[in-house]
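A short write-up of the structure that comes next.
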Amino acid sequence: MVYNKIKDVIPHFKFKGTYLRAAEITSGNVNNTYRLTYSYKDRQIIYTLQHINKYVFKNPHLVISNIVAVTNHIKRKLIEQGKDPARKVLEIIPTLSNEYIYVDKDGEPWRAYTFIDDADALDVVNTLSQMEEVGRGFGNFQKMLHDFPAEQLHETIPNFHHSTKRFYQFVRALDEDRVGRAKFVESECEFMFEHRVMMGEIIKLTEKGILPTRVTHNDTKANNVLLDSATGKALCVIDLDTVMPGSVLFDYGDAIRFGASTAAEDEEDTSKIKLNMKKAEAFTRGFIDETTGFLSDEELYRLPLGVKVITCELAMRFLTDYINGDLYFKVNSPVHNLVRARAQIALLKDVEKQESKLQAMVDKFINESSKN
Ligand code: GN1
Ligand code: MG
């Protein structure tokens, strides 16, 4: 029962009113998330409570410190622009002792936010205008933070999108083969070896100073932008756990990987998985519209590389976790990570087929925006 999982935790947060009910939100692959409803005076207030995965986030205090810094920066800017920050930026609920994390008796970390109501987090993006709004949401997030000093942020998961080091982790998992699954994934592993050089390209360009390091979200799935239910407009970017210094190519790429795929991230029938160019185009329109002026030409022209690298990197992360015996991602079956890895490989194969179209589409927006 959901209540039993949270009953000893909720009294430690400054939630207003009387607890009514809780439901689990199952879309995340890492943390456990609950939606709490409280009654306060004559209305209801909804909160989000999260149990942070300590295996993934070794130091949750650094995670929350990044989130506080970034949300304060955005809030300040919204106020300067004469906008009301309510519903436009995450609001953290402190504990009774004014901390942002509550550590329970088993040493498990928890944190809470005000739930932004009358807004939609899309697991599936249905329309092109939704996809454009998702692009605007993440583009605007970049814009709000482009003057934030990236070096002030902690690297909460070291080398999170260091695709080359991810490759070494994969090779190590394969060598160790701790649960005897390597024999089932020979063709998938071969695919990773064939893509090794491509996967390292963003890191290489960053190390050479060709691509800058800036504040990036690093988990730009469409469901991490809330769309206002009344207007359909992008409202707020959520899930700030992986906000860290990084390359904008990953943010662009991950958003296309997730939102412009014709199938779910864990679709078993790989023949259904393609890149929907119309959705990619809609996202790009919104994203470039918000980000021109401060992204460099080197970044803009290379956005398509982000799609290839992140799709391959995530395929490899799922594959690595399958080989390791499912230590990192939550799974609903022993083959879930393998299904996910195969789905990402299928998507990447289609991205490779459509690569020149993707580049032409991105170039078109860059040229249009440089004329304005
Ligand atoms: C994880 O849990 P969630 O859905 O926010 C993962 C991302 C992956 C994503 C794939 C900290 O994100 O990197 O892209 O799954 N987050 C972490 O769905 O590893
Ligand atoms: Mg996340």
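Numbering that gives the first Met the number 0 puts the first residue of the sequence shown at 0, with every later residue one more than the last.
We put the CB at the ideal spot given by N, CA and C, even for glycine.
All values reported here derive from a predicted model rather than from experimental measurement.
Cβ-Cβ separation, residue j to residue i (assumed contact under 8 angstroms), whole Å
i: R256; j: V306; result: 6 angstroms
i: V214; j: L144; result: 4 angstroms
i: N28; j: F249; result: 17 angstroms between Cβ atoms; not a contact.
i: V69; j: L239; result: 6 angstroms
i: T310; j: L346; result: 6 angstroms
i: V350; j: A233; result: That belief does not hold up - the Cβ atoms of V350 and A233 are roughly 25 angstroms apart, past 8 angstroms.
Proximity test, residue i beta-carbon vs the ligand GN1 heavy atom, cut-off 8 angstroms
i: Y54; result: no
i: E264; result: yes
i: K373; result: Residue 373 cannot be examined here, being either before or after the span of the chain that is shown, 0 to 371.
i: L302; result: no
i: F257; result: yes
i: I100; result: no
i: R34; result: no
i: R316; result: yes
i: I156; result: yes
i: Y327; result: yes
i: L121; result: no
i: K6; result: no
i: K232; result: no
i: D250; result: no
i: K220; result: yes
i: L152; result: no
Nearest candidate by alpha-carbon position, reference residue i, set the options
i: P244; options: T155, T163, T113, C311; result: T155
i: K273; options: I100, P10, V224, L357; result: L357
i: V55; options: T241, L347, A68; result: T241
i: L121; options: G199, Y167, L313, S26; result: S26
i: A118; options: G208, T283, C235; result: C235
i: G138; options: K370, M315, G292; result: G292
i: K271; options: F282, A279, A259; result: A259
i: T212; options: T261, T269, L152, E175; result: L152
i: M276; options: L19, M130, D103, Y2; result: M130
i: Y321; options: L173, A359, L61; result: L173
i: Y37; options: K57, F12, H60, D349; result: F12
i: M198; options: K57, V308, R42; result: V308
i: I115; options: V88, D103, E150; result: V88
i: E185; options: L337, G285, S246, I66; result: L337
i: F166; options: G16, M315, D83, A111; result: M315
i: N125; options: K207, I24, L95, A262; result: A262
i: D296; options: I44, S369, K53; result: S369
Beta bridge counterpart(s) of residue i as assigned by DSSP
i: I24; result: T32
i: P244; result: V214
i: A111; result: L48, I92
i: T17; result: S38
i: Q43; result: S38
i: L313; result: The partner list for L313 (beta bridge, DSSP) is empty, contrary to what the question assumes.
i: A120; result: L225
i: S260; result: L274
i: Y101; result: W109
i: C188; result: None, per the DSSP bridge assignment.
i: A68; result: In DSSP, A68 forms no bridge with anything.
i: V236; result: V224
i: F12; result: T94
Near the ligand NAD: residue i beta-carbon under 8 angstroms from a heavy atom
i: Y37; result: This structure simply doesn't include the ligand NAD; it includes the ligand GN1 and the ligand MG instead.
Open item on the list: Which residues neighbour the ligand MG when neighbourhood means a C-beta less than 7 angstroms away from any of its non-hydrogen atoms? List them by chain order.
Closed with: Those residues, listed in chain order, are G27, V29, D218, N223, D238, D240, T241.
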